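Heads up: the structure comes next, in structure tokens.
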Amino acid sequence: MIILTLETTCDETAAAVLNDRLEVLGATVASQDALHRRFGGVVPEVASRAHVERIIPVIDETLRRAGVTLAELDAVAVATTPGLAGSLLVGLVAAKTLAMALDIPLVAIDHVQAHVYACRMAAGHDVFPCIGFVVSGGHTNLFHCHTPTNFVLLGSTIDDAAGEAFDKVAAMLGLAYPGGPSIQRAAANGNPAAYKLPRALMDDPQRLDFSFSGLKTAVRYQIAGPGRTDFASLKLDPQQVADLAASFQEAVVDCLVGKSLLALKRTGLTTLCVGGGVAANARFRERMTAAAAQSGCELIIAPMALCTDNAVMGAIALERLKAGITDSMEIDVKPGLMRIGDSPH
Ligand code: KG4
Ligand code: ZN
Numbered sequence: 004m005i006i007l008t009l010e011t012t013c014d015e016t017a018a019a020v021l022n023d024r025l026e027v028l029g030a031t032v033a034s035q036d037a038l039h040r041r042f043g044g045v046v047p048e049v050a051s052r053a054h055v056e057r058i059i060p061v062i063d064e065t066l067r068r069a070g071v072t073l074a075e076l077d078a079v080a081v082a083t084t085p086g087l088a089g090s091l092l093v094g095l096v097a098a099k100t101l102a103m104a105l106d107i108p109l110v111a112i113d114h115v116q117a118h119v120y121a122c123r124m125a126a127g128h129d130v131f132p133c134i135g136f137v138v139s140g141g142h143t144n145l146f147h148c149h150t151p152t153n154f155v156l157l158g159s160t161i162d163d164a165a166g167e168a169f170d171k172v173a174a175m176l177g178l179a180y181p182g183g184p185s186i187q188r189a190a191a192n193g194n195p196a197a198y199k200l201p202r203a204l205m206d207d208p209q210r211l212d213f214s215f216s217g218l219k220t221a222v223r224y225q226i227a228g229p230g231r232t233d234f235a236s237l238k239l240d241p242q243q244v245a246d247l248a249a250s251f252q253e254a255v256v257d258c259l260v261g262k263s264l265l266a267l268k269r270t271g272l273t274t275l276c277v278g279g280g281v282a283a284n285a286r287f288r289e290r291m292t293a294a295a296a297q298s299g300c301e302l303i304i305a306p307m308a309l310c311t312d313n314a315v316m317g318a319i320a321l322e323r324l325k326a327g328i329t330d331s332m333e334i335d336v337k338p339g340l341m342r343i344g345d346s347p348h
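Numbers given in my numbering equal positions in the sequence shown, counted from 1, plus 3.
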């Protein structure tokens, strides 16, 4: 079986061709970072227009790389939730068109579940049941993953996602979008103990939730002075930027590592799968690796290319196809984020 997977949930236009042995025959990611950089964040309308321009070239390039023709496809899969409505729609319309024209099944992908499945792809062996931790620009979710498609949400952010906090703090520090890589670079020359910043909810062992908005405000006050927000004109010297970046990064990493260890302890699970753009963070990977080794759990962090949005993780569609599950042409996008109590699919 050969499938085409599409990913257009946010600002990456991506496609992959995979077979049912989970082998990647070809994959492409067209990043829109350059388009959104001057706005300091993703502009939804700009993102959806860029997807419209790129989706067909990205599919063509992926098929070419895979050496596969449209006629050889057995199914087409697409991420339909969660994400930006306009962006999701471009992928879904492309997938429906192909499914209809080629008379092949359509399979909907849950993008958050796919981020965990990226770890399954990286591991090369079954990883379920496990704790799935998705840390990206839109999500900071801890799941008890019973199977690739049966997740129970254990905790999530009550305000900003971790990646969103990286992006916003980077903008405050005058660093380029996307903020995660910029902060990581700046932090390399900084002292993580230079500023005392809050670690919200860390003193509550009952909760597996996160909160980063207070941390963001604390960085703001460090720049502008207590209670002041008019820091745009203030000039930080490069060492202050580096120290603030390092202190902020350390605070986020403390929360991410602490709560994932708590999730393992609470569930008794011994495998932790981490995915999403923030999982690309070098300091997080280093601290998480050390913590996992110490606690004796198996840690699988998706490799860089599979952390940020991509279509290879759409291989999760094969799990649904193998179970005989496909979706109807009536299916629509579901932009909203998952909350505790929701059950995906
Ligand atoms: O998973 P992703 O590509 O898209 C979403 O589904 O959100 O994640 C993007 C997020 C951005 O907020 C970006 O700043 C963050 O991942 N990110 C990082 C790093 N690389 C990307 N955050 C921290 N350190 C990094 N090295
Ligand atoms: Zn994502």
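Each residue gets a CB set at the ideal place from its N, CA and C atoms; glycine is no exception.
All values reported here derive from a predicted model rather than from experimental measurement.
Beta bridge counterpart(s) of residue i as assigned by DSSP
i	result
glycine 29	Val20
asparagine 144	Val137, Ser159
valine 79	Leu7, Leu109
valine 277	Phe136, Ile304
serine 34	Glu15
aspartate 240	Note: aspartate 240 sits in no beta bridge, so no partner.
threonine 84	Asp113
aspartate 330	Leu109
phenylalanine 215	Answer is none; phenylalanine 215 lacks a bridge partner.
Residue i versus residue j: straight-line alpha-carbon distance, rounded
i	j	result
histidine 149	histidine 39	37 Å
arginine 188	alanine 74	45 Å
phenylalanine 251	proline 195	8 Å
arginine 286	valine 256	7 Å
proline 47	cysteine 13	8 Å
glycine 140	glycine 86	11 Å
glutamate 26	isoleucine 134	24 Å
alanine 295	alanine 254	18 Å
proline 306	threonine 292	13 Å
aspartate 170	alanine 17	22 Å
isoleucine 226	alanine 168	16 Å
alanine 78	alanine 165	34 Å
leucine 334	leucine 92	According to the sequence shown, residue 334 is isoleucine rather than leucine. Computed Cα separation, rounded: 11 Å.
arginine 223	arginine 231	8 Å
alanine 203	cysteine 258	8 Å
threonine 220	leucine 156	27 Å
methionine 177	threonine 72	According to the sequence as given, residue 177 is glycine; it is not methionine. The alpha-carbon atoms of glycine 177 and threonine 72 are separated by roughly 46 Å.
arginine 24	arginine 323	14 Å
histidine 142	alanine 173	18 Å
glycine 327	leucine 272	29 Å
alanine 248	valine 61	35 Å
aspartate 63	leucine 21	15 Å
serine 34	valine 244	27 Å
glycine 279	arginine 269	23 Å
aspartate 207	arginine 52	44 Å
arginine 68	threonine 152	29 Å
glycine 299	glutamine 209	22 Å
leucine 302	methionine 316	18 Å
CB-CB length for residue i against residue j, believed under 8 Å
i	j	result
leucine 145	leucine 211	5 Å
serine 90	aspartate 162	Serine 90 to aspartate 162, Cβ: 23 Å. No contact.
alanine 282	cysteine 310	4 Å
valine 110	aspartate 312	No, valine 110 and aspartate 312 are not in contact; Cβ-Cβ is about 18 Å, not under 8 Å.
arginine 290	isoleucine 304	Between isoleucine 304 and arginine 290 the Cβ distance is about 11 Å, and since that is not below 8 Å, they are no contact.
alanine 80	isoleucine 112	5 Å
leucine 9	alanine 102	11 Å between Cβ atoms; not a contact.
glutamate 15	valine 32	6 Å
threonine 65	valine 336	The pair is not a contact, with the Cβ atoms about 21 Å apart (cut-off 8 Å).
threonine 11	histidine 54	5 Å
alanine 318	methionine 124	6 Å
alanine 126	alanine 314	That pair is no contact at about 19 Å.
isoleucine 6	leucine 95	In fact, because the Cβ distance is near 16 Å, the residues do not count as touching under 8 Å.
valine 130	threonine 274	6 Å
CB contact check: residue i to chain B, cutoff 8 Å
i	result
aspartate 312	Protein chains in the displayed structure number just one, and chain B is not present.
At least 3 beta-carbon pairs within less than 8 Å: the segment 172-191 vs the segment 115-134 | no
Only counting runs of 3 or more residues, tell me where the beta strand (DSSP E) segments fall wholly within the segment 150-202, in order along the chain.
-> 153-159
Start-end ranges of the beta strand (DSSP E) lying completely within the segment 244-299, minimum 3 residues | 274-278
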